[in-house]
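The sequence shown begins at 1 in the UniProt record's numbering and counts up by one. The structure appears below as structure tokens.
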Amino acid sequence: MCAAPSCHLLITAVVSKNPPNCDLLIPTSNAKMNVYSLASSFENDCTRLMSTPR
């Protein structure tokens, strides 16, 4: 995801919508996801991951 410009554009669009800071429950898997947290940390996480030696 970090290498794909389309992912960065999607995250920018999501952040611009000011998502609430709460957990969403995905009913098909019972997974919880905090869109605000994921979108807000995406760029920093990518920077950190891309600079980590492999």
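Heads up, the beta-carbon is just placed ideally off N, CA and C, and yes, glycines get one too. Since this is a predicted model, take the numbers as computed values, not measurements.
| Item | Value |
| --- | --- |
| Alpha-carbon spacing of Pro27 relative to Val35, whole angstroms | 15 Å |
| Closest by C-alpha distance to Cys7, when choosing among Ser51, Pro53, Met50, Glu43 | Glu43 |
| Simplified DSSP state of Met50, which is helix, strand or coil | helix |
| Extent of the continuous alpha helix (DSSP H) run through Ala13 | 5 to 16 |
| Distance, Asp23 Cα to Lys17 Cα | 16 Å |
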